[in-house]
Amino acid sequence: MEANAKSVSVAKEKTSIKTKLQRLGSKLSGMVMPNIGAFIAWGLITALFMKTGWIPNAQLAKMITPMVTYLLPLLIGFTGGSMVYDHRGGVVGAIATMGVIVGTDIPMFIGAMMMGPLGGWCIKKFDAWAQPKTRQGFEMLVNNFSAGILGMILAIIGFFGIGPIVSGLSAALATGVDWIIARNLIPLANIFIEPAKILFLNNAINQGILTPLGIQASAEAGKSILFLLEPNPGPGLGVLLAFMFFGKGTAKSSAPGAAIIHFFGGIHEIYFPYVLMKPTLFLSVIAGGVSGTFMFNLLGAGLKASPSPGSIISLLLMTPKGVGNYVAVLSGVVVATVASFLVSMVILKRDKTAEIDDIKAGQAKMADMKNNAKGTGTVAGANTEDAKAILQTASDVSHIIFACDAGMGSSAMGASILRDKVKKAGLDLSVTNTAINNLKDEPGLLVVTQDELANRALQKTPSAVHVSVENFLNSPKYDEIVTGLKTKEVSDPKAEETTDRPTDITSELQNIDASKVSEIDFIHHDQNIGSATMGRSLFKASLKKAAKSGIKVKNVAVGEVIDEDSTLVIASKETAKRIKLSFKNVQVLVVNDLVDAPEYDKLISELK
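In numbering that gives the first Met the number 0, the protein residues as written are 0 to 607.
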C-alpha cells in the first residue's frame with residue numbers, strides 16, 4: 000500500500016511538471032504567434048535589403064535594427080499584457096517592456112515575455128482595488144493616470160532590475176549554445192526536441208528558448224541554426240513516407256495526404272498519431288532530427304528568422320541569399336527524411352501486431368498523451384455524445400470558432416475543413432480559428448476544440464456551445480455539426496415561433512390568405528441569387544401547368560418589396576425575419592429550399 004501511494008504521488012508530481020510546462024508553452028506561444036507576421040516581415044526585410052541580401056538597399060536596411068530592437072519586443076509585451084487584462088493591460092505591458100529594451104543592448108524578447116504579462120497583472124490588480132473607491136466623475140482621470148504612473152514605475156524597474164538580469168541570463172544561454180555548437184554537440188538537442196514535439200511541449204522549447212536566442216544570433220551573424228532545430232519537417236516526413244510504403248490499412252491510405260499537409264502546409268501535428276500508434280517510432284523522429292541537425296551544423300546552415308508554419312516553403316523563404324545556404328538547408332531536410340524513413344521502415348516491416356492497421360488507435364493514444372501532458376480532462380459528455388445531439392440542446396449558432404493553444408496550424412486547417420462543409424450545406428455561418436486564450440464569451444458561439452482543451456475552453460466561454468474532437472484534421476463530428484445545424488434550422492421551435500411557422504408545413508400555409516395574393520416575390524441576395532432564380536422559374540412553370548394566370552412571379556431584393564397584403568414573399572428563415580421587421584402588410588412564406596419546397600403544391604392549389 001505504501002509503495003502504491005508513493006507511486007501515485009510521483010505520478011502526480013510528474014503530471015504537475017508537465018502541466019506547468021504545457022501552460023508555460025501555451026502562454027509563450029500566445030504572445031509570439033499572434034505577431035508572427037511581424038517576425039516574418041523582419042526576416043524578409045533582412046534577407047532582401049541587408050548588405051549581403053538579395054536586393055541590397057542601405058536606406059531600407061535602416062528598418063532592420065529598429066524592428067528587432069523595438070517593434071518586435073513591444074508587440075510581444077503588448078500582446079502579453081492584453082492576454083491578462085485586454086487593451087488596458089497591453090498598454091501598461093508595452094510601457095513596462097520599453098524599460099527592459101532601453102536597459103539592455105540585445106533584442107529583449109525574453110524580457111518582453113516577462114514584463115508584458117506583469118504589466119497587465121499589475122494594472123488589473125490596481126483597478127480591482129481602486130475602481131470601487133473612485134468617486135463618480137473621476138473615473139477617466141484615475142484610469143489614465145494610474146496606467147501612466149504604474150507603467151512608468153514598471154519601466155524603471157525593468158530598466159534597472161529585470162533588463163540586466165535577463166541580459167545576463169541570455170548571455171549565459173547564448174554562451175552555452177555557442178559552446179555546444181563549437182563542439183558539434185548541437186545535434187544532441189534533438190534527442191529531447193523531437194519527443195517533446197509529440198508530447199506537445201514544443202511551445203515551451205521553441206518559443207521560450209530557441210526563438211529568442213535565434214533572433215539574437217541572427218541579428219549579429221545574419222542567420223542562426225536554432226531556427227532549424229524544431230521546424231525541420233524531415234523527421235515527420237520520413238515517418239509518413241514509411242507508412243506509405245510499409246504501413247497497413249487506414250494508416251497506409253491516409254499517409255500520402257498527411258505527408259503533403261505536413262511538408263508543404265507545415266502542420267506537424269498531423270504525423271503525431273502515426274508515431275504514437277507505434278511508440279518505437281520515437282526512435283525514427285529522433286534519428287531524423289539528430290541527423291538533420293548534424294547536416295545543418297556541418298554545412299553551416301541557418302535561417303534569418305523563425306519559419307512559421309514549419310513547412311519547406313517557410314524554410315526556403317527564411318533562408319539567406321546564396322546557393323550554398325539553400326543547399327545546406329535542403330541537405331539537412333533530406334538527410335533527416337532519409338534517416339527517419341530508414342528507421343521507420345525497419346520498425347514497420349518487423350511489426351506483426353494488428354494495432355498498426357488503424358490510424359484511429361494512434362489518434363486515441365495521442366489524445367491520452369496530450370491529456371496527461373496538459374493535466375486536463377474533457378468536458379463531461381463532449382467526447383461521447385455526438386455533435387448533433389449537443390446542438391439540439393443549444394440556442395441559435397451564428398459563429399463557429401476553432402480554438403487551440405496558438406490559434407494557428409491544425410486549428411486553421413480544421414476551420415478550413417468545416418468552413419467548406421458549412422458552405423456546401425448552404426449555411427450562412429462564419430467559421431474562424433483563434434488561440435484559446437483569446438476566446439470571448441458571446442451569444443451564438445460554437446467552440447470546437449481538441450478533447451484535452453475542452454475544459455479550458457469551457458472556462459473561457461461558459462455560455463457557448465462546445466464540441467470536442469480528437470483530431471482537427473480528420474473528425475467525423477464535422478458532419479454531425481453540419482447535420483445538427485441544418486436540422487435545428489428546420490425544427491428549432493424558436494425559429495418556428497419567430498416566423499409563425501406551424502409544425503406540419505405541408506398541410507398548412509403558415510396563416511397565408513392565398514385568395515388575396517396577386518404577386519409572389521422570391522427574395523434574392525448575393526448568397527442565394529442562383530437558387531432564387533431557379534425557384535422562381537420552376538414555380539412559374541408550375542403555375543402555368545396548373546392554369547393559374549394573372550399572378551406575377553418576380554425576383555426582387557428586400558428593398559423592392561411592395562408592402563401590401565396582396566404581395567406574398569417567399570424567403571429563407573433569416574431573410575423572412577428581416578421582411579417581417581421591415582414590412583407590416585406583406586404575407587411571408589418561409590421555406591427551407593427556394594428551389595423545391597413542399598409548400599409550393601399546397602400554395603398553388605389555393606391561389607385564385
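C-beta: ideal position from N, C-alpha, C; glycine also. Predicted, not measured: the structure shown is a model, and the values here were computed from it.
| Asked | Found |
| --- | --- |
| Note the first and the last residue of the continuous alpha helix (DSSP H) segment covering S474. | Segment: none, S474 is in no alpha helix (DSSP H) and carries neither H nor E. |
| Can you name the start and end residues of the alpha helix (DSSP H) that V468 belongs to? | Note, V468: premise wrong, no alpha helix (DSSP H); beta strand (DSSP E) at V464 to V468. |
| Is the region 580-598 touching the region 540-555 in the sense that three or more CB pairs, one from each, lie closer than 8 Å? | no |
| Let me know the alpha helix (DSSP H) ranges lying completely inside the region 114-174, each 4 residues or longer, listed in chain order. | 138-156 |
| Smallest Cα separation from I192: which of F263, L71, S410 and G288? | G288 |
| Name the one or two DSSP bridge partners that L444 has. | H398 |
| Let me know the secondary structure DSSP gives E193 once reduced to three states. | helix |
| From which residue to which residue does the alpha helix (DSSP H) around N522 run? | First, the amino acid is wrong: residue 522 is Ile here, not Asn. Element bounds for I522: not the alpha helix (DSSP H) but the beta strand (DSSP E), E518 to I522. |
| Go to I214, then tell me how far its alpha helix (DSSP H) extends in each direction, as first and last residue. | T210 to A220 |
| Does the contact criterion of 3 or more C-beta pairs under 8 Å hold for the region 248-259 versus the region 311-324? | no |
| What residues in its chain sit with their C-beta under 8 Å from that of C403, if we drop five residues either side in the sequence? | S409, S410, N432, A434, I435, T448, Q449, L452 and F471 |
| For S506, which of helix, strand or coil comes out of DSSP? | Model confidence at S506 stands at a pLDDT of 40, short of 50, so the residue's coordinates are unreliable; what they give is reported in the following sentence. Reduced to three states, the DSSP call for S506 is coil. |
| So L302 and F226 are supposed to be a Cβ contact under 8 Å. How far apart are they, rounded? | 4 Å |
| Identify whether E495 lies in helix, strand or coil by the three-state DSSP scheme. | With a pLDDT of 44 at E495, under the threshold of 50, the modelled position of this residue cannot be trusted, and the question is left open. |
| Rounding to the nearest angstrom, what Cα-Cα distance links N189 and I346 in this structure? | 20 Å |
| Given a cut-off of 7 Å on the beta-carbon distance, is the pair F137 and G98 in contact? | no |
| Pick from R134, L314 and E219: whose alpha carbon is nearest that of N231? | L314 |
| Within a Cβ cutoff of 8 Å, which residues of the same chain sit near M151, ignoring the five residues on either side of it in sequence? | I94 |
| What does the alpha-carbon distance come out to for the pair V342 and G102? | 49 Å |
| For the beta strand (DSSP E) containing K61, list its first residue and its last residue. | No beta strand (DSSP E) contains K61, which DSSP labels as neither H nor E. |
| Can you check which of these residues, S339, T292 and A338, is closest to A327 by C-alpha distance? | T292 |
| Tell me which residues share the same chain as M344 and place their Cβ nearer than 7 Å to its Cβ, disregarding the 5 neighbours each side in the sequence. | A241 and F245 |
| Hey, would you say A456 sits closer than 7 Å to V464, going by beta carbons? | no |
| Within its chain, find whatever has a CB closer than 6 Å to the CB of L417; leave out the 5 residues flanking it on each side and keep chain order. | V430 and Y477 |
| Taking only three categories from DSSP, how would you classify S565? | coil |
| Out of K459, I480, A531 and I550, state which residue places its alpha-carbon closest to the alpha-carbon of A513. | I550 |
| Are the CB atoms of G80 and G110 within a distance shorter than 7 Å? | no |
| Pull up the CB-CB distance for I224 and I185, whole angstroms please, since I reckon it's below 8 Å. | 7 Å |
| What residue range does the beta strand (DSSP E) around T433 cover? | S429 to A434 |
| Note down the Cα distance separating S565 from F521, rounded to an integer number of angstroms. | 14 Å |
| Can you list, in chain order, the residues of its chain whose CB lies under 8 Å from that of F263, leaving out five sequence neighbours each side? | S310, I311 and I312 |
| Taking the alpha-carbon positions, what's the P255 to L444 distance? | 35 Å |
| Please return the same chain residues whose Cβ sits closer than 6 Å to the Cβ of T574, not counting the five positions on each side in sequence. | I522 |
| Are there 16 or more other CB atoms within 10 angstroms of the CB of R349, so buried, or fewer, so exposed? | exposed |
| In the DSSP output, what is V609 paired with across the bridge? | Absent from the structure is residue 609, since the part of the chain shown begins at 0 and ends at 607. |
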